[in-house]
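*Asks:* One structure, pasted below without further comment.
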Amino acid sequence: MSRHALSVLVENNPGVLARVSVLFARRSFNIDHLVVGPTEDPKVSRMTIVINVDSEQLHKVTSQLDKLIEVIHIEELDDATAIREKLWVINDNGPRPVGAMANSWA
Amino acid sequence: MSTATSTATSAPTSPAPLTGAETLVETLKRVGVEHIFGLPGGCILPLYDALYETPGLRHILVRHEQGAGHAAQGYAAATGKVGVCMATSGPGATNLVTPLADANMDSIPIVAITANVPSAAMGSDAFQEADIRSITMPVTKHSFLVTDPNQIEATIASAFHLAASGRPGPVLVDVSKDALTALVTGDAPLQLALPGYHPRTTAAPEAVSDAVDLMLKAQRPVLYVGGGTVRSGAHQEVLEFAEITGIPVVTTLMARGAFPDSHPQHMGMPGMHGTVTAVAALQRSDLIISLGARFDDRVTGARDSFAPHAQVIHADIDPAEIGKNRVTAVGLVGDAKETIRQLVNEFAARKAAGETYDYSDFVERCNIMRERYPLGFDEPEDGSLSPQYVIQRLGEIVGSEAIYTSGVGQHQMWASQFIKYEQPNKWINSGGLGTMGYAVPAAMGAKVACPDDVVWAVDGDGCFQMTNQELATCAVEGIPIKVAIINNAALGMVRQWQTLFYSERYSSSQLPSMQVPDFVTLAEAYGCVGLRCDNPEDVDATIARAMEINDRPVVVDFRVHQDAMVWPMVPAGTSNDAIQYARDLAPNFGDDE
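Chains A and B supply the protein sequences, listed in that same order. Offset between the first sequence (1-based) and the numbering used here: plus 175. Offset between the second sequence (1-based) and the numbering used here: plus 556.
Rendered as C-alpha cells:
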C-alpha cells in the first residue's frame, strides 16, 4: 500500500462529486484527501484525489473511474508534478501547498 | 421578400415552439423508439399529454413500474434495440430501481425516463419527490437530471447513444416538471458533447497476436463464452472461432444460445449449477479464452482455487473488467464481434503459415467427461411430476425458435439446463442481479418486440407472485405470452440450500401455492386462460393445449414434486473441484486414469 495522487478532469456538472465518491465507497476505496477546483475551461473541473492503495487496486480504481461518463481524463501525479501544480489542500490547519503534503508521505 | 420560385401562399413562419414534453416525444421518434412501457403520475402528466395519440409510438400501460422496467429489458434482450420505460416522480421512479440495477448487471440497453417535481420545489421534500438521479448513480451506466427544456433533446439523444454503445447498459433521464411544460427556445443542441466517453471497439493488433501466441502454445484451452457475445451479436464469430481452433466451448448463464447446444464442441454451462464437463474443463485448462464474460463468482466458485493452472486471455469491451476478478495474461479491449473476428483472422493466418498446435488429448478427455456426466435427473419415486421433466418437455415440444424467459431460482437453473438453445437472444433471464419476478414482465417485453415468436415465461410459484399483475397488461394490450409456473409450493432454491446446508430447517421457505392463490382462477380473473397439470402423462397435452391459444395469455400451473434439487452443484464459497454431480456424489475428473 502506498499513497497515490490522481489528477482527474471531470465535466463541471452538478452531482459529479457525488458520482465519484459513490464509486469510491461502493468499491471500498478510502479517499485520504480530495480537492475539487475549477480549470481554465468553465466546463471542466479538476479533482485531485489522494488514495492509499496497492498498485493492483490503483489500476482497478482508475479503470472504474475512467468508466464514469463525466470523467474526461485521469493522470497519476508524481510528487514533483504535484508540487509544480501548486494545488492547495484544505486540512484542519487551513490551506497549505500540496508539496508539503507530498513531503509528508515518506 | 418572396422569390420568384416561392409557391407559398402565406408568409413563411417558423414552426410554433414546442414544449419540453413535445420535444421529448419528438426526440424519442427521432431515435427510433416504437414502444414504451410506463405508468403516469402527477409530475409526468405533461409528457403523457404530449404522448397522447402520437402516431408511431405505442405506449403500453403497465400495472407496476417494475413491470415496465423488466419489460423494457425483455424487449431489449430479445432484439438488441434499446428498451424504454417511463415513470413519474418519487415512488414511480424508485420502483424502476430494481430493473435498472438488473440491466446494469446484465449489460442490457434500456432508457428510463422519469419526471421530477418542478425545479423550484426540488430539495424541499415536496410531495412525491425523490432524488432518483442520485439514487440510481451506482446502478446505471449514467443518470441525468434535466431542468432546462433546451437540454431535453440533447440529453435524450445522448441517453440512447450511451445505452446502446460500448458496454450496453441502463441510462436514466429525470426531467423536472417545469422543464416539460416550458417552451424550448432557440438553439438547443442535438447531442451532448460527452468528452469523457470513447468506447474502444477494436482490440490492439499486438494484443491479438500475443493472444494467438498463447493459444498456439496451450494444450488445454477453453473458450469461455459470456453474455457480451450475445449483446454484440457475435454468435457467428464465436462459431467460426470455435471451429477453426477446435477448442472446447462453455457458455455461461448469460450466453446460453450464443453457441449451439447441439454443437459437438459444446461442453455446457460452467458454474455453480453448470455441467461437470464445463466445470472440469475450466478447472483443468491451461488457457482460458474469455469472450465477453466477467469471471463472476457463480462461475469461478472460490477464486483462489479456480482454474489454478490457467493463463487468461480476456476479451471485453469494458477495460475495467480486465483483471478485475482474475489476473490476465493478455487483455483485449474491444467489441466482441470485432475482437473475435480479429482472433479468427490471426489464428487462420498463423495456421496457414504452418504454425502447429495440439489440443487433441484435452478434447478427448472433455468428450469422455461429457459422455460420463450428462445432465440428468431422477424421477420422483411417488410418481408425481418432476419439474425437470416439465421443462425438458417444454423445450422439446416448443423448440429452439421460441423465446424463453425465467425468474430466479431452481426453475431458472433447470430452464438453463434442460431447454436446448441453438440461437442467441432466445434465453432471457436475470443473471447478475438475480431478480425474482423477472419472467412475466420480461416475457411481455419480448413478445411486444417479437410478436411473431412464441414467448414462454418459465416461472416459479414464488417469483410469479411478485410481478403477475402484468398479466392484466398482457390480456388488455393483446400480448399473448405463455407462462409455465413450476409450482413446488416453496421458494425452491432457498429450500434446497436449507436441505443441504441448514439441517432441513425450512425457515420461511414454504408457500401454500397449491391452495393460495389458485393460479388457474387467478389467471382467469386476469383475462387469461388458466390450465393445470400435476401428472406426467398430461404434460404433453397441456403444453399442446397452451400452444393452441394465441388470442390470450395462458398460464399453466404445473404442480411438481417439492424435493427436486438442482444438480450438479458447487456449494457456495467452495472450490469448483468440490462439484457434486448429485447429492454426495463427486464426479471422477479422470486425473488418475
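No residue lacks a Cβ here, since even glycine has one placed at the ideal position from N, Cα and C. Bear in mind the structure is a predicted one, so any value in this text is a computation, not a measurement.
Quick check: the segment 681 to 689 of chain B against the segment 1003 to 1022 of chain B, are there 3 or more CB pairs under 8 Å?
*Replies:* no
*Asks:* What is the DSSP secondary structure of residue 558/B, reduced to helix, strand or coil?
*Replies:* Taking the second sequence and counting its residues from 1, one reaches residue 558/B at position 2. Reliability fails at residue 558/B, whose pLDDT of 42 lies under 50, so the model's placement of it is uncertain and no value is given.
*Asks:* Using DSSP bridges, identify the partner residues of residue 221/A.
*Replies:* Walking along the first sequence from the start, residue 221/A turns up at place 46. Answer is 184/A and 212/A.
*Asks:* With distance defined between alpha-carbon atoms, name the residue in 633/B, 1021/B, 879/B and 627/B nearest to residue 642/B.
*Replies:* Start at 1 with the first residue of the second sequence, and residue 642/B comes out as number 86. Out of 633/B, 1021/B, 879/B and 627/B, 627/B has the C-alpha closest to the C-alpha of residue 642/B.
*Asks:* Taking only three categories from DSSP, how would you classify residue 1039/B?
*Replies:* Sequence index remark: in the second sequence, residue 1039/B carries index 483 (1-based). Residue 1039/B falls in the strand class under three-state DSSP.
*Asks:* With respect to the alpha helix (DSSP H) encompassing residue 1151/B, which residues constitute its N-terminal and C-terminal limits?
*Replies:* Any question about residue 1151/B goes unanswered here, given that chain B covers just 557 to 1149.
*Asks:* Return the chain-ordered list of same chain residues with a C-beta closer than 7 Å to the C-beta of residue 706/B, the five sequence neighbours on each side being excluded.
*Replies:* On the second sequence, position 150 is the one that residue 706/B refers to. If we look at residue 706/B and ignore the five residues flanking it on each side, its Cβ neighbours are 740, 741 and 744.
*Asks:* List the residues of chain D whose Cβ lies closer than 9 Å to the Cβ of residue 179/A, in chain order.
*Replies:* Looking for chain D here will not work: the only protein chains present are A and B.
*Asks:* Could you tell me which chain B residues have their CB closer than 8 Å to the CB of residue 246/A, listed as they occur along the chain?
*Replies:* Mapped onto the first sequence, residue 246/A falls at position 71. The contacting residues are 752.
*Asks:* Between which two residues does the alpha helix (DSSP H) holding residue 1019/B run?
*Replies:* Counting from 1 along the second sequence, the entry for residue 1019/B is found at position 463. Here the alpha helix (DSSP H) through residue 1019/B covers 1017 to 1023.
*Asks:* Considering only DSSP beta bridges, list what residue 996/B is partnered with.
*Replies:* Looking up residue 996/B in the second sequence gives position 440. DSSP lists no partner for residue 996/B.
*Asks:* Between the segment 933 to 943 of chain B and the segment 982 to 1002 of chain B, are three or more C-beta pairs nearer than 8 Å?
*Replies:* No contact exists between the segment 933 to 943 of chain B and the segment 982 to 1002 of chain B.
*Asks:* With a 10 Å radius around its C-beta and 16 neighbouring C-beta atoms as the bar for buried, classify residue 1057/B as buried or exposed.
*Replies:* Start at 1 with the first residue of the second sequence, and residue 1057/B comes out as number 501. By the 10 Å Cβ count, residue 1057/B comes out exposed.
*Asks:* What does residue 201/A reach in chain B if we use C-beta pairs closer than 7 Å?
*Replies:* To locate residue 201/A, count along the first sequence from 1; it is residue 26. Near residue 201/A (Cβ distances below 7 Å), the residues of chain B are 694.
*Asks:* Going along chain B, which residues have a C-beta under 9 Å from residue 183/A?
*Replies:* Position 8 of the first sequence, counting from 1, holds the residue named residue 183/A. The contacting residues do not exist; residue 183/A stays about 10 Å from chain B at best.
*Asks:* Determine, for residue 876/B, whether the minimum Cβ-Cβ distance to residues of chain A falls below 8 Å.
*Replies:* On the second sequence, residue 876/B is found 320 positions in, with the first residue counted as 1. Chain A, which has a Cβ nearer than 8 Å to the Cβ of residue 876/B, makes this yes.
*Asks:* Secondary structure at residue 650/B, three-state DSSP: helix, strand or coil?
*Replies:* Taking the first residue of the second sequence as 1, we reach residue 650/B at position 94. Note: residue 650/B maps to helix in three-state DSSP.
*Asks:* Using the beta-carbon of each residue, which ones in chain B are nearer than 7 Å to residue 230/A?
*Replies:* Start at 1 with the first residue of the first sequence, and residue 230/A comes out as number 55. By Cβ distance, chain B contributes nothing, its closest Cβ being about 11 Å from residue 230/A, past 7 Å.
*Asks:* Please tell me whether residue 234/A has its Cβ less than 8 Å away from any Cβ of chain B.
*Replies:* In the first sequence, residue 234/A corresponds to position 59, counting from 1. Taking Cβ atoms only, chain B reaches closer than 8 Å to residue 234/A, which makes this a yes.
*Asks:* Just list the alpha helix (DSSP H) runs in the segment 601 to 645 of chain B, keeping only unbroken ones of 4 residues or longer that don't cross its boundaries, in chain order.
*Replies:* Segments of the alpha helix (DSSP H) lying fully in the segment 601 to 645 of chain B: 601 to 607 and 621 to 635.
*Asks:* How would you write the range of the alpha helix (DSSP H) that residue 872/B sits in, first residue to last?
*Replies:* Indexing the second sequence from 1 puts residue 872/B at position 316. Unbroken run through residue 872/B is the beta strand (DSSP E), 867 to 872; no alpha helix (DSSP H).
*Asks:* Residue 789/B to residue 1099/B, Cα distance in whole Å?
*Replies:* Taking the first residue of the second sequence as 1, we reach residue 789/B at position 233. Taking the first residue of the second sequence as 1, we reach residue 1099/B at position 543. Roughly 31 Å separates the two Cα atoms.
*Asks:* Check whether the Cβ atoms of residue 777/B and residue 803/B lie closer than 8 Å to each other.
*Replies:* Position 221 of the second sequence, counted from the first residue, corresponds to residue 777/B. Position 247 of the second sequence, counted from the first residue, corresponds to residue 803/B. Contact: yes.
*Asks:* Step through the CB atoms of chain A and report whether any lies within less than 8 Å of the CB of residue 888/B.
*Replies:* Taking the second sequence and counting its residues from 1, the one referred to as residue 888/B is at position 332. So no, residue 888/B is outside the interface.
*Asks:* Which chain B residues are close to residue 211/A, counting only those with a beta carbon under 8 Å from its beta carbon?
*Replies:* Sequence index remark: in the first sequence, residue 211/A carries index 36 (1-based). Per Cβ cutoff of 8 Å: no residues; residue 211/A is ~16 Å from chain B at best.
*Asks:* For a minimum of 3 consecutive residues, which ranges assigned as the beta strand (DSSP E) are wholly contained in the segment 662 to 736 of chain B?
*Replies:* 666 to 672, 698 to 702 and 726 to 732
*Asks:* In the segment 1051 to 1079 of chain B, which residues sit with their C-beta less than 7 Å from some C-beta in chain A, listed in chain order?
*Replies:* The segment 1051 to 1079 of chain B vs chain A, Cβ under 7 Å: nothing.
*Asks:* Let me check understanding here. Comparing Cα to Cα, which of 1050/B, 957/B and 1083/B lies closest to residue 992/B?
*Replies:* In the second sequence, residue 992/B corresponds to position 436, counting from 1. Checking every option, the nearest Cα to that of residue 992/B belongs to 1050/B.
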